[in-house]
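Counting in the UniProt record's numbering, the sequence shown runs from 1 upward without gaps. A virtual CB, placed ideally from N, CA and C, is assigned to each residue, including glycine.
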Amino acid sequence: MVGGGRDAFIGAVHRIAARIDDQYELVAGAFSSNPEKALASANDLGVPRAYTSFAEMAAKEARRKDGIDVVAIVTPNHMHAPVAMQFLKRGIHVICDKPLTATLAEAKKLAKAAEASGVVFALTHNYTGYPMIRQAKAMIAAGELGELRLVNVEYVQDWLTEPVDNKQADWRTDPARSGAGGSTGDIGTHAFNLASFVTGLTLDTLAADLTAFVPGRRVDDNGHVLMRYKGGAKGMLWCSQVAPGNENGLRLRVYGTKGGLEWAQEDPNYLWFTPFGQPKRLITRGGAGSGPEAARVSRIPPGHPEGYLEGFANIYTEAARAIRAAKAGTPVPEGTTFPGLKEGLEGVAFVDACVRSSARNGAWVSLNL
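So, in structure tokens, the structure goes:
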């Protein structure tokens with residue numbers, strides 16, 4: 001692991017997720033750019049091989065007979081590309097936190113390097129690992145909603161409603177480390193990715209209105225985005241970190257000619273399905289009407305909540321299947337699904353397009369892919 005040491009939030013989430021299905025062992029880490037903190041964090045975690053820089057870790061692990069198979073990158077956004085490059089050129093597989101990089105130019109360069117290296121590259125858009133999201137995707141692919149018309153997705157929080165002085169807020173509101181998008185890059189990319197994953201639609205153009213409501217804030221803390229998909233479907237995306245009363249309000253609604261689906265991350269084991277002209281139907285994780293796609297990423301009986309950590313774990317476990325296949329030189333097991341370079345590029349291009357559109361007073365723009 002690179003990053004994720006003392007005082008970091010997401011590193012602990014990744015470590016828990018990697019352990020849930022017993023597919024990984026954490027044996028090496030460069031847990032901080034501060035050498036003392038890096039070594040202290042490794043000691044805290046009982047990690048046997050501690051490094052004070054990611055470059056040293058990549059070089060030395062590549063030379064070991066028992067070197068690491070895969071690196072988890074859990075740094076701020078601006079470090080994703082330089083860290084990944086060090087491991088890619090040594091043929092080490094990568095699991096990277098989202099977004100792929102802080103800039104589109106970096107994302108394109110990284111994607112080329114990853115494709116050339118032939119490694120497995122997984123991006124932890126963890127919400128795609130939720131069982132009822134897999135259920136929704138399967139239902140739409142099977143035509144149960146008919147021709148898709150409307151996509152409404154929002155990811156709403158309130159933790160940046162006022163100026164905040166902590167490590168998480170510090171880098172997420174610094175364009176040099178987060179990238180040009182604030183809420184757009186932090187949570188808007190999750191919303192965009194989720195809508196694309198579930199519907200299978202490809203974005204054509206968008207029109208965005210981004211705002212930094214808190215005085216002095218250098219990146220957006222709220223975004224309203226209109227989306228036009230290829231094929232004619234229309235969408236709306238709202239991301240905000242200044243909406244009091246909202247904790248982690250990721251919500252998706254999709255409507256077609258035959259019916260609609262609704263899902264909320266804060267109640268993740270429920271999926272509402274409404275065939276047109278019929279009563280609403282509740283599909284629960286593991287319950288009646290829930291299919292094999294959802295069952296494949298479920299661990300416990302119906303009625304026992306599964307959520308955030310398990311969603312992360314599903315991405316890790318899917319990536320493990322692909323990595324084992326790559327090591328063995330065998331095909332990736334059927335059904336293995338996780339976000340990767342394509343989704344990473346699209347996410348960074350989405351942020352770039354939103355920033356360009358907003359700077360032009362909400363002009364319609366295309367993604368520069």
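Quick check for students: name the residue ranges of the beta strand (DSSP E) that lie wholly in the stretch 151 to 213, counting only runs of 3 or more. Counting whole runs of 3 or more residues, the stretch 151 to 213 contains the beta strand (DSSP E) stretches 203 to 211.
For R172, would you say it is in contact with chain D, using Cβ-to-Cβ distances shorter than 8 Å as the test? Structure shown: chain D not included; a single protein chain is present.
Distance, Cα to Cα, P175 vs P76? Counting only the Cα atoms, P76 lies some 11 Å from P175.
DSSP has Y229 in a bridge; who is on the other side? Y229 pairs with L203.
Rounded to a whole number of angstroms, what is the C-alpha to C-alpha distance between A359 and D186? Approximately 19 Å between the Cα atoms of the pair.
Is it the case that the stretch 43 to 50 contacts the stretch 321 to 341, given that we only count it when at least three CB pairs across the two stretches are under 8 Å? By the Cβ rule, the stretch 321 to 341 does not count as touching the stretch 43 to 50, because fewer than three pairs are nearer than 8 Å.
Under the three-state reduction of DSSP, which class applies to S290: helix, strand or coil? For S290, the three-state secondary structure derived from DSSP is coil.
Continuous alpha helix (DSSP H) assignments of at least 4 residues falling wholly in the stretch 69 to 98: If only uninterrupted alpha helix (DSSP H) runs of at least 4 residues are considered, those enclosed by the stretch 69 to 98 are 80 to 88.
If you draw a straight line from the alpha carbon of P275 to that of V198, how long is it in whole angstroms? Going by C-alpha positions, P275 is about 18 Å away from V198.
By how many angstroms is the C-alpha of G11 removed from the C-alpha of Q241? Cα-Cα distance, rounded: 22 Å.
Tell me R251's beta-bridge partners as DSSP assigns them. R251 pairs with E154, A264.
Return the chain-ordered list of same chain residues with a C-beta closer than 8 Å to the C-beta of G200, the five sequence neighbours on each side being excluded. Taking G200 as the centre and dropping the five residues before and after it, the same chain places the C-beta of K137, I140, A141 closer than 8 Å to its C-beta, in chain order.
Less than 8 Å between the C-beta atoms of R228 and E154, yes or no? Taking C-beta atoms as the reference points, R228 and E154 fail to come closer than 8 Å.
Would you report the Cα separation of E266 and W364, rounded to the nearest angstrom? Each residue's Cα considered, the two are about 32 Å apart.
Evaluate the contact criterion for the stretch 201 to 208 versus the stretch 349 to 358: three or more CB pairs, one atom per stretch, below 8 Å. Counting Cβ pairs under 8 Å, three or more are found: they touch.
Is A114 buried or exposed, if buried means 16 or more other CB atoms sit within 10 Å of its CB? With at least 16 other beta carbons inside 10 angstroms of its own, A114 counts as buried.
With distances taken between CB atoms, is the gap from L110 to A81 smaller than 8 Å? Annotated as proximal: L110 and A81, with beta-carbon spacing under 8 Å.
With a threshold of 8 Å, are at least 3 pairs of Cβ atoms found where one atom belongs to the stretch 101 to 110 and the other to the stretch 314 to 332? Touching, no, given that fewer than three Cβ pairs across the two stretches are closer than 8 Å.
Below 6 Å CB to CB, which residues in the same chain sit around P35 once its five sequence neighbours on both sides are set aside? Within the same chain, Cβ atoms closer than 6 Å to the Cβ of P35 are found at T52, the five residues on either side in sequence being excluded.
Going by DSSP in three states, R281 sits in which element: helix, strand or coil? Strand at R281.
L345 and L100 - do their beta-carbons sit closer together than 8 Å? Cβ atoms of L100 and L345: closer than 8 Å.
In terms of residues, what are the limits of the beta strand (DSSP E) holding S298? Neither: S298 is in no beta strand (DSSP E) and is coded neither H nor E.
If we call anything under 8 Å between Cβ atoms a contact, is A84 one with I73? Closer than 8 Å, so yes.
Please state if the CB of I16 and the CB of G129 are separated by a distance shorter than 8 Å. The Cβ atoms of G129 and I16 lie no closer than 8 Å to each other.
Given a cut-off of 8 Å, decide if A207 and L226 are closer than it, judged by their beta-carbon atoms. For L226 and A207, yes; Cβs fall inside 8 Å.
Tell me the rounded alpha-carbon separation between A320 and M79. Using only the alpha carbons, I get a separation of about 23 Å.
What do you reckon, are the CB atoms on G362 and T189 nearer than 8 Å? The Cβ-Cβ distance between G362 and T189 does not fall below 8 Å.
I95, buried or exposed, once every other Cβ within 10 Å from all chains shown has been counted against 16: I95 is buried by the Cβ-count criterion.
For L369, which residues of its own chain have a beta-carbon under 6 Å away from its beta-carbon, when the five flanking residues on both sides are left out? Excluding residues up to 5 positions away in sequence, A349 lie with their Cβ nearer than 6 Å to the Cβ of L369 in the same chain.
CA-CA distance, V27 and R63? Rounded to the nearest angstrom, the gap between the Cα atoms of V27 and R63 is 15 Å.
Within this structure, are the beta carbons of H93 and D69 separated by less than 8 Å? Yes, the pair counts as a contact, with Cβ atoms nearer than the cut-off.
Going by Cα to Cα distance, which pick from K98, T211, G256 is closest to residue 403? The structure shown does not extend to residue 403, since the chain is modelled only from 1 through 369, so no value can be given for it.
A237 by DSSP, collapsed to three states: which one? At residue 237 the sequence reads Leu, which differs from the Ala that was named. L237: strand per DSSP, three-state reduction.
Per DSSP, what kind of secondary structure is V348 in: helix, strand or coil? Secondary structure at V348: helix, using DSSP grouped into helix, strand and coil.
Would a C-beta distance cut-off of 8 Å place G249 and Q157 closer than the cut-off? With respect to Q157, G249 sits close: the two C-beta atoms are nearer than 8 Å.
For my contact list, F312 and V13 are in at a C-beta cut-off of 8 Å; report their separation, rounded to the angstrom. Correct: roughly 6 Å between the Cβ atoms.
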